[in-house]
Amino acid sequence: MAGVLFASIEKNLQTQFILAEPGDTITIPEGLHLIRGTLSIEGKSDLVIRGKSIDQSILSFSNQDEGAQGISITNSINITLEGFTVQDTKGDAIKIQYTDGIIFRHVKAEWTGGPKKTNGAYGLYPVQCQNVLIENSVSIGASDAGIYVGQSNNIVVRYNTAYDNVAGIEIENSNNAEVYENHSYHNTGGILIFDLPDLVQKKGGNIRVFNNLVESNNLFNFAPPGNIVGKVIPGTGVLILACSNVHVYQNTILNNKSVGTGVVSYFMTEETIKDSLYNPYTADVHIYNNTFDRSPGLPELGYDIGKLLAVKYGRNTPDIIYDGMQDPENSAGLCIQNNDDARFTDLDIEHNFEEWYSPFISNFSEDMSPHNCGREHPLTSSVK
Amino acid sequence: MSRLLGKANYLALLPLLIALLFGGSPIKYAKPKLSDYGFFEGHMANHNPVPGVIPYDVSAKLFSDYALKSRFIALPKDQQLAYQKDGTFNFPQESVLIKTFYYPKNFRNSDQGSRLIETRLLINSPEGWVGFPYVWNFEQTEAYLEIAGKRLDVSFIDQAGQSIYFEYSVPNFNQCKGCHVNQNRMIPIGPKVRLLNHDFDYDDGKMNQLEKWNVLDMISGLPSVSSLPHTPDYNDLESGSIEERARALIDINCAHCHRLGAPGETSGLFLNIEETDPTRIGIHKPPVAAGRGSGNLDYTIVPQYPDQSIMIYRMESTDPGIMMPELGRKLVHKEGVELVKKWIQEMGK
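For the record, the sequence lines run as chains A and B.
Residue numbers for the first sequence follow the working numbering, so the first one is 1330 and each next one is one higher.
Residue numbers for the second sequence follow the working numbering, so the first one is 76 and each next one is one higher.
Structural data, given as structure tokens:
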């Protein structure tokens, strides 16, 4: 690898980004390049930004003193990012906004000092975008989500690796997403599917999470307090929060010590809801044909839900945890089928949390039969 | 066969169409040097405008590391601004807004002279508004186009008599749009009715700027100025209540992004002066994507507790991963922070 090049390409790259014409390919040369300010692309179409390879072309922002992102792309059409790494940005690594057609391929976002709350929030971060593809990419060390797609539509996230993040992969307030064949491990939470209030795009849905390996997501939660992801309990595999029309199938979900798969309403966050258009419930969530395994051990005890599970279940926390808050306006409920011998509990938080001690004396329902939704899910599904 | 040919032709046209829509970078509308435009006569650094280039100022100003700013507007000959009911203007094509950033050597003694740093032009081109930064040379005789921005060492003596040294950043071409944006289109920020509706000291005496522009035949359709809104000058204690002044400061410094249709909308925080919903202004609003910008705090604004409010935390920071605004600031706007703190302290009392 070439030596460290101090800022020599920063102005050159930024100038190329400003002058680019449709069809151009802009090359990030081999080497470790120190960049001091956000590199931005605005209002461009049909560009390829390409490095030599994911490990050979590195943009390091360890001395960043200007701008909150490493790379910022806005108001663009058909942009491909390929074969480079963005390191140690002060804020988000690569943020894409108001863009139709964005591809990340063999791109790495990384904070090199390990998991720390001073790391930037998001690694690969398309928000308010259409037609998003993130593949064969890597995120390490994000203090919120490594691979995060928010308020976007038509999304494929596949063949990626995420570790040492708070959330490995997160899809938030987004529609038509396929998340498959990713490896999400050693995060606080492996794969999160969230709908949150007070956002411009209100509602997500039609989300498929399949054929992923989600293991050992037991990392301490290092999100700066105040952020919603800071409430995720370490030991979370897949978590579905306040979403509807979500299918989770054929995943291998291993050794996530607290919540292998959680299906919960926004009430679990204990935040007040002021957004009158927001739907805090889950509905139409399907969990089938997954493999769960978990070596005996206590859940994370620093969180209320962890204490509760430990009191009720000791070292054998159930694999699928539901808070029982079905959307009263939606007839499609939670559906659970063919997950080998996965264990289930319904916390029934509406009735079991009237007094602080009541959850400890209540019997949660471990009966999965109300969730055998009649419609058989096929044992193998068609992968596009 | 003919159908196929038709399709082939259509496809052949596609790149051209795309090039017409998006390509041909609007940088072609820029001239290489500031003097090429002929806005000023005599020694250019003195900024003596030629006829048709009119000086103006805005009541509430964006904080730019204590830089002072001279503003001018140049309309194409015999053309007018069209007054819009929402308090903005429709600008004729080829309108230019000129803004020079400069530092007095000593803020306590203007006799010691000033250093011009950069002049930004906003030009209403056939493709819409475009922004170009021009950086002044050391001799202060010329300013040159710098599309990729520039960093400059700047020093001055502040109002308290303290020497301040820092690295000033001239924004690049893209960063101009980062602030001047609405629904993907670039727009001017300053020249709005409510920011112009006050007296300006012209060579021939004081006059309300909108009235002056009207007299000069620069505006069409302007109602009586007494019926029009006015944003207070937040630095002027007499100009309004603490709340009015704080909202004016937040509007001009934050709302270009924190507004529906602008990049800060992802946060759900809307800071334009017209916003009245308490949650959208930030009161007891949890952060969405703030990351470490949250500073371990739960809400943007906690009434009566400025030190527990994320807004203050981010205004007081100069860490690029925390501070707000994200761009155009290397120093803390101490007086601005004090005003917003006071507003939060008094909230709900």
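Each residue gets a CB set at the ideal place from its N, CA and C atoms; glycine is no exception.
These numbers come from a predicted model, not from an experiment.
Taking beta-carbon pairs under 9 Å, can you tell me which members of the stretch 362-375 of chain B lie near chain A? The stretch 362-375 of chain B vs chain A, Cβ under 9 Å: 362, 363, 364, 365, 366, 367, 368, 369, 370, 371, 372, 373, 374.
Is there a Cβ from chain A that is less than 8 Å from the Cβ of residue 301/B? With respect to chain A, the C-beta atom of residue 301/B has no partner C-beta closer than 8 Å.
Is the stretch 368-385 of chain B touching the stretch 222-239 of chain B in the sense that three or more CB pairs, one from each, lie closer than 8 Å? no
Sort 375/B, 320/B, 363/B by Cα distance to residue 134/B and report the nearest one. 320/B
Just tell me which of 1511/A, 1561/A, 1426/A has its CA closest to the CA of residue 1479/A. 1426/A
Applying a beta-carbon distance threshold of less than 8 Å, which residues of chain B neighbour residue 1426/A? 338, 341
Is the stretch 236-253 of chain B in contact with the stretch 285-296 of chain B, if contact means three or more CB pairs nearer than 8 Å? These segments do not touch.
Would you identify the three-state DSSP class for residue 169/B, choosing helix, strand or coil? coil
Which residue spans inside the stretch 212-260 of chain B form an unbroken beta strand (DSSP E) run of at least 3? 218-220, 225-232, 238-245
Would you mind sorting residue 1690/A into buried or exposed? The rule is 16 or more other CB atoms within 10 Å of its CB. exposed
Own chain partners of residue 1667/A with C-beta closer than 6 Å, once the 5 adjacent residues on each side are dropped: 1617, 1618
So residue 1346/A is in the alpha helix (DSSP H); what residue range does that whole segment cover? 1339-1348
Around the Cβ of residue 1342/A, are there at least 16 other Cβ atoms within 10 angstroms (buried) or fewer (exposed)? buried
Report the three-state DSSP secondary structure of residue 1416/A (helix, strand or coil). strand
Please work out which residues of its chain come closer than 6 Å, Cβ to Cβ, to residue 417/B, disregarding the five sequence neighbours upstream and downstream, and give them in chain order. 317
Let me see if you follow: with CB-CB separation under 8 Å, is residue 89/B close to chain A or not? With a pLDDT of 44 at residue 89/B, under the threshold of 50, the predicted position of this residue should be treated as unreliable, though the coordinate-derived value follows. So, not an interface residue.
Taking 8 Å as the threshold (beta carbon to beta carbon), is residue 270/B in contact with chain A? no
Put residue 356/B into one of helix, strand or coil per three-state DSSP. In the structure shown, residue 356/B sits in a helix (DSSP, three-state: H, G or I).
Chain-ordered residues of the stretch 388-402 of chain B with a beta carbon less than 7 Å from chain A: 394, 395, 396, 401, 402
Kindly indicate if chain B contains any beta-carbon less than 8 Å away from that of residue 1662/A. no
Answer with buried or exposed for residue 1566/A, where buried requires no fewer than 16 other C-beta atoms within 10 angstroms of its C-beta. That one is buried.
Counting beta carbon pairs with one atom in the stretch 1657-1667 of chain A and one in the stretch 1620-1637 of chain A, are three or more of them shorter than 8 Å? no
Quick one: give me the first and last residue of the beta strand (DSSP E) that residue 1437/A is part of. Per DSSP, the continuous beta strand (DSSP E) segment holding residue 1437/A begins and ends at 1429-1439.
Roughly how far, in whole angstroms, is the beta-carbon of residue 1669/A from the beta-carbon of residue 1693/A, given that I think they are within contact range, below 8 Å? About 21 Å separates the two Cβ atoms, so there is no contact after all.
If the cut-off is 7 Å on Cβ atoms, which residues from the stretch 230-248 of chain B count as contacting chain A, listed in chain order? 244, 247, 248
CB contact below 8 Å: residue 1439/A versus chain B: Residue 1439/A does not count as touching chain B.
Taking only the alpha-carbon atoms, compute the straight-line gap between residue 266/B and residue 411/B and give it to the nearest angstrom. 22 Å
Using a beta-carbon distance cut-off of less than 8 Å, what residues from the stretch 102-116 of chain B approach chain A? 102
Closest Cβ-Cβ distance between residue 97/B and chain A: below 8 Å? Note on residue 97/B: pLDDT 40, under 50, position unreliable in the model; no value is reported.
Neighbouring residues, chain B, relative to residue 1609/A (Cβ below 9 Å): Within chain B, no residue has its CB atom less than 9 Å from the CB of residue 1609/A, the nearest being about 14 Å off.
Count the CB pairs spanning the stretch 1367-1374 of chain A and the stretch 1405-1415 of chain A that are closer than 8 Å, and state whether there are at least three. yes
Would you list the one or two residues that DSSP bridges to residue 1388/A? 1362/A, 1415/A
Around the Cβ of residue 152/B, are there at least 16 other Cβ atoms within 10 angstroms (buried) or fewer (exposed)? For residue 152/B, the number of other beta carbons within 10 angstroms of its own is below 16, and it is reported as exposed.
Could you have a look at residue 397/B and say whether DSSP puts it in helix, strand or coil? In this structure, residue 397/B counts as coil in the three-state DSSP scheme.
What residues of chain B sit near residue 1378/A, judged by a beta carbon separation below 8 Å? Counting only Cβ-Cβ distances below 8 Å, residue 1378/A has no contacts in chain B at all, with the closest Cβ about 14 Å away.
Could you spell out where the beta strand (DSSP E) holding residue 1615/A opens and where it closes? 1612-1617
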